[in-house]
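As structure tokens, this is what we get:
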């Protein structure tokens with residue numbers, strides 16, 4: 217006896233790709249995202265788009281507890297920055313771009329920025345100096361500030 221697949225399985229699924237260009241290269245990392253069954257997490261598929269516009273699968277990640285995204289790159293493209301957030305608190309996982317492109321599923325990050333008081337990673341240079349935005353006055357010179365920017369060395373965090 218032959219059973220047809222349910223309509224939802226047999227229909228063609230096309231997800232939009234969000235792509236970011238790697239600085240100083242004619243290449244991109246692209247992301248397709250689906251909302252996981254248990255919000256507010258997501259499942260993400262990462263692709264490399266080369267100079268000939270060919271897509272290669274880098275990795276697929278299942279969002280068990282965190283929301284995930286491609287945050288961007290360091291100014292010259294040496295580093296790739298991934299973001300994750302649990303309960304609204306972001307952490308930024310930083311990889312060497314070349315290592316990430318060659319083996320995304322097993323590459324180890326060179327640094328992780330995961331501080332409760334950091335709201336966002338504004339920029340990163342190729343020497344590992346990151347401009348971060350603090351959530352509130354923690355880390356700010358002015359005690360009453362509602363947030364400020366600061367510079368940290370990603371390799372010398374407390």
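In our numbering, the protein residues as written are 217 to 374. Using N, Cα and C, we set each Cβ at its ideal position, and we do this for glycine too.
query, result
"Which whole-angstrom value describes the C-beta separation of residue 287 and residue 297, a residue pair presumed to lie in contact below a C-beta threshold of 8 Å?", "4 Å"
"Sorted by chain position, which residues of the same chain lie with C-beta nearer than 7 Å to residue 301's C-beta, five sequence neighbours on each side aside?", "282 and 283"
"Give the secondary structure of residue 339 by DSSP, where H, G and I count as helix, E and B as strand, and everything else as coil.", "strand"
"Of all the options 347, 315, 373 and 231, which has the alpha carbon lying nearest to the alpha carbon of residue 325?", "315"
"If distances are taken between C-alpha atoms only, which option among 266, 292, 239 and 322 comes closest to residue 277?", "322"
"By Cβ distance below 6 Å, which residues in the same chain neighbour residue 239 in space, the five residues on each side in sequence not counted?", "289, 292 and 293"
"In three-state terms, what does DSSP make of residue 273?", "strand"
"Using only alpha-carbon positions, find the residue among 343, 330, 340 and 264 that is nearest to residue 242.", "264"
"Which residue wins for smallest C-alpha separation from residue 313, given the options 233, 237 and 231?", "237"
"Measuring only the C-alpha atoms, how far is residue 365 from residue 333?", "12 Å"
"Could you check the C-alpha separation between residue 235 and residue 303 for me, to the nearest Å?", "26 Å"
"Roughly how many angstroms separate the alpha carbons of residue 345 and residue 261, rounded to a whole number?", "28 Å"
"Near residue 226, which residues of its chain fall below 6 Å by C-beta distance, leaving aside the five closest residues on each side in sequence?", "Note that residue 226 scores a pLDDT of 48, beneath 50, so its modelled location is shaky and nothing firm can be said."
"Using only alpha-carbon positions, find the residue among 351, 370 and 232 that is nearest to residue 339.", "370"
"Give every residue of the same chain whose Cβ lies closer than 6 Å to the Cβ of residue 246, excluding the five residues on either side of it in the sequence, and list them in chain order.", "233, 235, 263 and 265"
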